[in-house]
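Below: one structure, written as structure tokens.
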């Protein structure tokens, strides 16, 4: 193994006794004393043989690797004296396990569940979030009766909301429901309305953003507007509902016609108005409003019931953090 000083440590993950069995997480600390100028991923791959270079690149993108106390970047090169910290998250189980976690249920029948997801909860297990997710809660609540189309890691999941986004989420209990709901998403007959608070006032105050969205060319944790044929088509209608002049922010109603990752966050950033509280796309020092969360709420969801074909409409209660902007509305929120 090439020269380099490192410390390997393991810590047990503390979990509720009702949850899954304990797993081990590991961290590696290194100080660079040779091979200056080597790309960080290559340097680490040579010193931590348990990790492939592609896995190291993934950990960099997910901010599990720090260089001198700061999140490393994919193209970083090492310098003598650098302090490197690699956090290796516990493995995601091959099959998600039931956990008794409270759910906010808006509607439920034998075919589907509509939830009001809280901000801060992850939809399904992934690296860094092996449990404590909506899927774990749903497996307990539904006693395992969920559609299997999404696989063992994502049972019942038809669409996702970002961890910090709150609001309406529909889950399929049966494969028939899953197929029908998926077709409505892809056919754009599922109506999705979001309430967002943006730093700034979009100009014009009503319009449509039509772009392509793909991975950011440098920071792979981010999405970005890209030139075609790159990325995928993304369409968002928006309308400013109220303006808070004291903070220079605005309440914006967004109608999604497509469902790209981070679509509203990227489109409002494209308009020069990043979401208030956005940990990825916004600059905290430029935001006067500080509600303590990402201000994006999946307010309304409409779709046809997979079996009865009746048109169904659900609204997730608007979180209290939105009150300052709701109090400034000139007109009530749209009813239809």
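Residue numbers (the working numbering): 138 to 473.
Heads up, the beta-carbon is just placed ideally off N, CA and C, and yes, glycines get one too.
In its own chain, which residues sit with a C-beta less than 8 Å from the C-beta of residue i, not counting the 5 before and 5 after it?
{"i": "residue 158", "result": "Note that residue 158 scores 37 on pLDDT, short of 50, meaning its location in the model is unreliable and no value can be drawn from it."}
{"i": "residue 416", "result": "301 and 431"}
{"i": "residue 462", "result": "334, 378, 379, 381, 386, 387 and 388"}
{"i": "residue 466", "result": "378, 379 and 388"}
{"i": "residue 142", "result": "Residue placement at residue 142 is poorly supported in this model, since its pLDDT is 41, which falls under 50; the coordinates still yield a value, given next. Cβ within range, chain order: 167, 168 and 170."}
Let me know the secondary structure DSSP gives residue i once reduced to three states.
{"i": "residue 199", "result": "coil"}
{"i": "residue 214", "result": "strand"}
{"i": "residue 208", "result": "strand"}
{"i": "residue 402", "result": "helix"}
{"i": "residue 380", "result": "strand"}
{"i": "residue 282", "result": "coil"}
{"i": "residue 158", "result": "Low confidence applies here, because residue 158 scores a pLDDT of 37, under 50, leaving its location unreliable; read the following figure in that light. Reduced to three states, the DSSP call for residue 158 is coil."}
{"i": "residue 193", "result": "helix"}
{"i": "residue 318", "result": "helix"}
{"i": "residue 273", "result": "helix"}
{"i": "residue 219", "result": "coil"}
{"i": "residue 240", "result": "coil"}
{"i": "residue 256", "result": "coil"}
{"i": "residue 374", "result": "strand"}
{"i": "residue 175", "result": "coil"}
{"i": "residue 123", "result": "An answer regarding residue 123 cannot be provided, because it is not within the stretch 138 to 473 covered by the chain."}
{"i": "residue 408", "result": "coil"}
{"i": "residue 423", "result": "helix"}
{"i": "residue 182", "result": "helix"}
{"i": "residue 306", "result": "strand"}
{"i": "residue 313", "result": "helix"}
Pull up the CB-CB distance for residue i and residue j, whole angstroms please, since I reckon it's below 8 Å.
{"i": "residue 176", "j": "residue 214", "result": "6 Å"}
{"i": "residue 283", "j": "residue 293", "result": "3 Å"}
{"i": "residue 402", "j": "residue 412", "result": "6 Å"}
{"i": "residue 226", "j": "residue 265", "result": "5 Å"}
{"i": "residue 189", "j": "residue 203", "result": "So it is not a contact: roughly 20 Å between Cβ atoms."}
{"i": "residue 277", "j": "residue 237", "result": "5 Å"}
Do residue i and residue j have their CB atoms nearer than 9 Å?
{"i": "residue 333", "j": "residue 279", "result": "no"}
{"i": "residue 418", "j": "residue 406", "result": "yes"}
{"i": "residue 318", "j": "residue 440", "result": "yes"}
{"i": "residue 329", "j": "residue 438", "result": "yes"}
{"i": "residue 368", "j": "residue 382", "result": "no"}
{"i": "residue 357", "j": "residue 186", "result": "no"}
{"i": "residue 167", "j": "residue 192", "result": "no"}
{"i": "residue 375", "j": "residue 337", "result": "no"}
{"i": "residue 169", "j": "residue 218", "result": "yes"}
{"i": "residue 444", "j": "residue 314", "result": "yes"}
{"i": "residue 428", "j": "residue 458", "result": "yes"}
{"i": "residue 249", "j": "residue 404", "result": "no"}
Can you find the residues in the same chain that come closer than 6 Å, C-beta to C-beta, to residue i, ignoring five residues on each side of it along the sequence?
{"i": "residue 348", "result": "362 and 371"}
{"i": "residue 399", "result": "360"}
{"i": "residue 256", "result": "301, 303 and 430"}
{"i": "residue 216", "result": "173"}
{"i": "residue 251", "result": "243, 244, 307 and 451"}
{"i": "residue 196", "result": "202"}
{"i": "residue 272", "result": "233 and 261"}
{"i": "residue 194", "result": "178"}
{"i": "residue 181", "result": "193"}
{"i": "residue 426", "result": "384, 386 and 413"}
Going by C-alpha distance, which of the options is nearest residue i?
{"i": "residue 342", "options": "360, 353, 324 and 380", "result": "380"}
{"i": "residue 453", "options": "206, 174, 242 and 208", "result": "242"}
{"i": "residue 324", "options": "395, 285 and 184", "result": "395"}
{"i": "residue 253", "options": "366, 297 and 464", "result": "297"}
{"i": "residue 261", "options": "308, 447, 244 and 218", "result": "308"}
{"i": "residue 291", "options": "321, 320, 235 and 170", "result": "235"}
{"i": "residue 339", "options": "447, 364, 314 and 378", "result": "378"}
{"i": "residue 435", "options": "470, 331 and 320", "result": "331"}
{"i": "residue 281", "options": "366, 233 and 313", "result": "233"}
{"i": "residue 408", "options": "423, 373, 442 and 355", "result": "373"}
{"i": "residue 455", "options": "249, 470 and 442", "result": "470"}
{"i": "residue 424", "options": "459, 164 and 384", "result": "384"}
{"i": "residue 355", "options": "326, 198, 182 and 464", "result": "198"}
{"i": "residue 269", "options": "240, 249 and 285", "result": "240"}
{"i": "residue 448", "options": "468, 285, 326 and 421", "result": "326"}
{"i": "residue 286", "options": "180, 316 and 267", "result": "316"}
{"i": "residue 410", "options": "209, 346 and 393", "result": "346"}
Give me, in chain order, the residues of the same chain whose beta-carbon lies closer than 7 Å to that of residue i; leave out the 5 immediate sequence neighbours on both sides.
{"i": "residue 247", "result": "310"}
{"i": "residue 224", "result": "164 and 201"}
{"i": "residue 365", "result": "349"}
{"i": "residue 156", "result": "Caution is warranted here: a pLDDT of 37 is assigned to residue 156, below 50, making its placement in the model unreliable, and no coordinate value can be reported."}
{"i": "residue 321", "result": "327, 440 and 441"}
{"i": "residue 205", "result": "219 and 220"}
Report whether the distance from the Cβ of residue i to the nearest heavy atom of the ligand ATP is below 8 Å.
{"i": "residue 315", "result": "Only the bare structure without any ligand can be found here, which leaves the ligand ATP out of the picture."}
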